[in-house]
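Every number in my numbering is 1 more than the matching position in the sequence shown, counting from 1.
The beta carbon of each residue, even a glycine, is placed where N, CA and C say it ideally should be.
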Amino acid sequence: MVKEDVKSIYDRMDDFESKEIVVAGWVKSCRTNGKFGFIELADGTCFKTLQIFFEKEKISNFDIIEKLNTGSSIKCKGNIVLTPENKQPFELRADVIDVINATDNEYPLQKKRHSLEFLREIAYLRPRANLFNAVFRVRSKLAFILHEFFEQKGFVHVHTPLLTSSDCEGGSDLFRVTTQNIYDESKKFEPEDELFGKKVYLSPTGQLEGEACAFAFGKIYTFGPSFRAENSNTTRHVNEFWHLEPEVCFMDLEGLMDLEEEMMKFIMTKILERCPDEMKFFNEFVDKSLLERLNNVISSDFGKITYTEAIEILKKNNDKFDFPVEWGCDIQTEHERYLSEVVFKRPVFVTDYPKEIKAFYMKQNEDGKTVRACDLLFPGIGEVTGGSERETDYDKLLNHMKTLNLKEEDYWWYLNLRKFGSVEHSGFGLGFERILMYITGVSNIRDVILFPRTPNNCEF
Ligand code: 4AD
Ligand code: MG
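Have a look at this one:
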């Protein structure tokens with residue numbers, strides 16, 4: 002007999018009435034009074050569990066089953082009985098329960114509630130805990146919904162490389178990739194000795210390659226891991242994060258912000274539609290204002306403010322910050338949150354940053370001081386996307402690169418794009434984990450990525 006998914010039973014309850022089926026999965030709980038008992042079974046196909054009813058009279062191994070620990074894997078044959086008057090709309094009345102692999106008392110997920118810190122230490126087991134099961138299921142749906150959004154709009158999905166020889170984001174620290182035994186202090190290594198014959202890094206962005214593809218397909222996006230070697234232990238930084246980066250030709254900064262706002266509203270609407278059980282769970286156990294908050298974002302117009310205007314507002318409140326602001330300084334998380342939480346009370350785009358604090362590829366404004374950049378800030382999180390219109394003027398781009406000590410020979414092909422049919426174009430990068438934090442209400446980025454990579458943490 003073929004195993005049925007628990008999800009199928011929930012989806013087509015009436016089809017299963019009185020039907021004999023086989024299910025298999027993991028015990029979430031088992032309780033008994035010596036004569037009969039209930040197992041709550043999770044098979045991973047949906048967030049909900051299946052209730053299995055078992056009786057001493059019917060199953061031969063009752064003594065073993067009634068002692069089953071949480072986490073044990075079992076297979077069960079029985080009949081589905083609809084129970085509309087009960088909490089569970091149906092249950093499986095077991096005829097046979099086979100134990101596949103029983104856990105013992107060492108299984109760490111016995112209790113219903115564990116601290117998030119403890120669960121991080123057992124990251125290889127935590128997807129089985131309710132919170133993480135919900136988070137990673139929403140993560141999966143969210144990735145699919147993002148693909149759907151860009152597919153519907155005619156974007157081509159390109160796969161940009163993870164190994165790169167250029168440092169696109171300037172300030173960001175890079176992981177070096179080497180084939181040499183660099184811990185052998187008796188040897189001296191030259192870049193020419195490397196497999197690639199030059200210095201190579203894990204890429205912090207797919208943007209530059211994405212721009213090359215945009216000039217072929219008009220609109221593209223890339224979605225994959227990006228790496229930043231910064232030694233920062235915050236609740237919103239990881240050294241390996243998932244990065245969605247669209248790049249669109251014939252689009253200016255205004256168009257880009259419209260695209261971002263449309264994307265945000267699309268993904269939130271679809272997640273609420275498609276993950277009702279998980280979202281209800283988050284609203285109950287993680288953040289009681291979550292659903293209200295997401296619905297507000299869907300129905301509100303995002304704010305817009307220039308960096309210069311933002312600094313004026315922040316300066317008046319400098320007494321509230323650890324880092325007082327001044328025109329020209331970087332906006333820190335505390336300022337980003339003040340703007341989105343206190344001033345705007347909704348997502349807000351900050352535009353036209355000083356060129357000194359932004360990347361070399363951003364289009365310079367007429368004022369000679371600022372660039373056509375936009376960061377999208379969310380309440381509770383801060384920066385969720387960073388984007389810009391791109392510089393298309395060859396000479397301006399080259400001059401800017403020179404002032405930043407970027408080597409022309411490392412970027413020759415990127416510069417050439419400005420000579421071979423260059424057009425106005427814009428793009429942004431979405432931190433996938435950051436938006437996932439906002440959508441689930443989970444407040445630490447380590448809890449929305451399977452095996453977080455942070456300083457001193459690469460166990461699993
Ligand atoms: O602002 P960033 O550095 O922009 C870029 O990399 C551009 N090349 C994007 C583009 O225009 N195509 O990064 C984009 C987003 C940030 O807004 C943030 O959400 C996320 O990536 N991000 C991180 N997320 C988690 N951990 C980190 N260490 C992150 N660094 C950036
Ligand atoms: Mg940024």
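Beta-carbon proximity check, residue i vs residue j, cutoff 8 Å
{"i": "E262", "j": "R391", "result": "no"}
{"i": "L51", "j": "V28", "result": "no"}
{"i": "G26", "j": "R32", "result": "no"}
{"i": "L110", "j": "R129", "result": "yes"}
{"i": "I358", "j": "D376", "result": "no"}
{"i": "V239", "j": "I446", "result": "yes"}
{"i": "D259", "j": "F48", "result": "no"}
{"i": "E56", "j": "K36", "result": "yes"}
{"i": "P192", "j": "Y222", "result": "no"}
{"i": "F461", "j": "Y125", "result": "yes"}
{"i": "I40", "j": "I22", "result": "no"}
{"i": "I101", "j": "S74", "result": "yes"}
{"i": "V201", "j": "V178", "result": "yes"}
{"i": "H148", "j": "T206", "result": "no"}
{"i": "S187", "j": "D411", "result": "no"}
{"i": "I306", "j": "V326", "result": "no"}
{"i": "I183", "j": "F176", "result": "no"}
{"i": "R127", "j": "C276", "result": "no"}
{"i": "V449", "j": "R114", "result": "no"}
Contact test: residue i Cβ vs the ligand MG heavy atom, cutoff 7 Å
{"i": "G304", "result": "no"}
{"i": "D376", "result": "yes"}
{"i": "G387", "result": "yes"}
{"i": "E246", "result": "no"}
{"i": "E384", "result": "yes"}
Residue i: CB within 7 Å of a non-hydrogen atom of the ligand 4AD
{"i": "L431", "result": "yes"}
{"i": "I221", "result": "no"}
{"i": "R237", "result": "yes"}
{"i": "E380", "result": "The displayed chain sequence assigns Pro, not Glu, to residue 380. Incorrect: P380 has no Cβ contact closer than 7 Å to the ligand 4AD."}
{"i": "F242", "result": "yes"}
{"i": "T1", "result": "A question about residue 1 goes unanswered here, because the residues of the chain that appear run from 2 up to 461."}
{"i": "I358", "result": "no"}
{"i": "R435", "result": "yes"}
{"i": "I446", "result": "yes"}
{"i": "E210", "result": "no"}
{"i": "R229", "result": "yes"}
{"i": "G428", "result": "yes"}
Residue nearest to residue i in terms of C-alpha spacing, selected from the options
{"i": "H426", "options": "T270, K364 and F37", "result": "K364"}
{"i": "G430", "options": "L120, Y354 and G387", "result": "G387"}
{"i": "T71", "options": "I98, N106 and K57", "result": "N106"}
{"i": "N318", "options": "D302, L405 and E337", "result": "E337"}
{"i": "V298", "options": "K289, E409, F379 and A215", "result": "F379"}
{"i": "E210", "options": "L437, E5 and W414", "result": "W414"}
{"i": "G369", "options": "L398, F345 and V351", "result": "L398"}
{"i": "R347", "options": "K321, I312 and N296", "result": "N296"}
{"i": "V136", "options": "D320, G329, K289 and I272", "result": "I272"}
{"i": "Y362", "options": "D323, G304, T393 and Y184", "result": "T393"}
{"i": "L117", "options": "A103, Y108, F133 and E231", "result": "F133"}
{"i": "F282", "options": "S30, G442 and K76", "result": "G442"}
{"i": "G256", "options": "K220, F145, D448 and S290", "result": "K220"}
{"i": "G432", "options": "K408, F224, D448 and F421", "result": "F224"}
{"i": "N80", "options": "L93, L69, E86 and K88", "result": "L93"}
{"i": "K4", "options": "T270, T46, N131 and E293", "result": "T46"}
{"i": "Q153", "options": "N400, T270 and M264", "result": "M264"}
{"i": "L292", "options": "F119, T270 and Y308", "result": "T270"}
{"i": "N34", "options": "V7, K68, L42 and E18", "result": "K68"}
{"i": "L83", "options": "F151, A43, R13 and L437", "result": "R13"}
{"i": "F286", "options": "R229, N131 and F218", "result": "N131"}
Contact belief for residue i with residue j at Cβ below 8 Å, rounded distance in angstroms
{"i": "S204", "j": "T165", "result": "4 Å"}
{"i": "Y339", "j": "L315", "result": "7 Å"}
{"i": "S444", "j": "T236", "result": "6 Å"}
{"i": "R435", "j": "E241", "result": "Incorrect: roughly 14 Å between the Cβ atoms, too far for contact."}
{"i": "L418", "j": "F216", "result": "6 Å"}
{"i": "G381", "j": "E342", "result": "7 Å"}
{"i": "A95", "j": "K59", "result": "7 Å"}
{"i": "E472", "j": "D174", "result": "As shown, the chain starts at 2 and ends at 461. That puts residue 472 outside it, with no answer to give."}
{"i": "T180", "j": "L163", "result": "Not really, about 16 Å apart at Cβ, beyond 8 Å."}
{"i": "C250", "j": "V424", "result": "5 Å"}
{"i": "N234", "j": "P456", "result": "6 Å"}
{"i": "Q208", "j": "G422", "result": "Their Cβ separation, rounded to whole angstroms, is 19 Å, which puts Q208 and G422 out of contact at 8 Å."}
Beta carbon proximity, residue i to chain B, threshold 8 Å
{"i": "L295", "result": "Protein chain content of the structure displayed is limited to a single chain, and chain B is not contained in it."}
Could you name each continuous beta strand (DSSP E) segment of 3 residues or more that falls completely within the stretch 297-327, going from the start of the chain to the end?
304-307
Where are the beta strand (DSSP E) runs, 3 residues long or more, that stay fully inside the stretch 18-77, in chain order?
21-33, 37-43 and 51-56
Write down every uninterrupted run of the alpha helix (DSSP H) in the stretch 72-125 whose length is 4 residues or greater and which is fully enclosed by it, in chain order.
117-122
Could I get the ranges of all uninterrupted beta strand (DSSP E) runs contained in the stretch 161-210, with 3 residues as the minimum, in chain order?
201-203
Scan the stretch 372-430 and note each continuous alpha helix (DSSP H) run of 4 residues or more that stays entirely inside, going in chain order.
395-404 and 413-417
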